[in-house]
Amino acid sequence: MTESAADRSIVWSDEFLIGIEELDYEHRCLIEDINKLYRELREHVDMDRTKATLGIIYARMQAHFALEESVMVSHKYVHYPAHKAEHERLLDEYTERMTKFDRNPNPGDQKAIEDILRQWIVDHILTSDKKMSLMIASEDRT
Ligand SMILES: [Fe+2]
Ligand SMILES: [Fe+2]
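Below, the structure written as structure tokens:
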């Protein structure tokens, strides 16, 4: 992953590709939305706009997790329960922070939101999603 130190944006690279086209597409859209949020937080744009972007990211994450879970179920992925639990935890953490920020925006919550989203990208796509796609691909070959 490449990260610009100046603006903390996440730069898309092939490293993120997991090889399942529709999921790769959604990961890319999510990263674009996250970068949009980072830009808005950094530039202190209108708070309503930032809150709307937070909501868009939430909806995208929710829809993405649902699609990914249906892929895992249809392939009878053995680690499905753990992966689904990870999705739920990420969504819970994000919701909690988003709600706090919505009520009373402060730099501490802003930093927490940025960190959760970064963790989502770095840890989750690069480890759990990749592991899932590799196992599914290897089982499809057998
Ligand atoms: Fe994913
Ligand atoms: Fe996932």
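Under my numbering, the residues of the sequence shown are numbered 104 to 245, in order. Think of the CB as a built atom: it goes at the ideal place given N, C-alpha and C, for glycine as much as any other residue.
Classification of residue i by the beta-carbon crowding that lies within 10 angstroms, buried from 16 upward
i	result
aspartate 149	exposed
tyrosine 198	Per the sequence shown, the amino acid found at residue 198 is threonine instead of tyrosine. By the 10 Å Cβ count, threonine 198 comes out exposed.
aspartate 117	exposed
tyrosine 128	exposed
leucine 133	buried
glutamate 171	buried
histidine 190	buried
Sequence-distant residues of the same chain with beta carbon closer than 6 Å to residue i, five excluded per side
i	result
methionine 201	Leu157
isoleucine 137	Leu220
leucine 193	Trp223
Close beta carbons around residue i, own chain, < 8 Å, minus the five adjacent residues each side
i	result
arginine 234	Note on residue identity: the sequence assigns lysine, not arginine, to residue 234. Closer than 8 Å at Cβ, skipping near neighbours: His182.
Candidates the options, of which the one nearest residue i by Cα
i	options	result
proline 208	Ala169, Val225, Thr230 and Thr153	Thr153
Nonlocal neighbours in the same chain, by C-beta distance under 7 Å from residue i, ignoring five residues either side
i	result
methionine 175	Tyr183, His186 and Met235
histidine 130	Phe119 and Ile228
If you measure from each residue's Cβ to the nearest non-hydrogen atom of ligand 2, which ones come out under 7 Å, in chain order?
This criterion selects Phe168, Glu171, His186, Glu189, His190, His227, Ser231, Asp232 and Met235.
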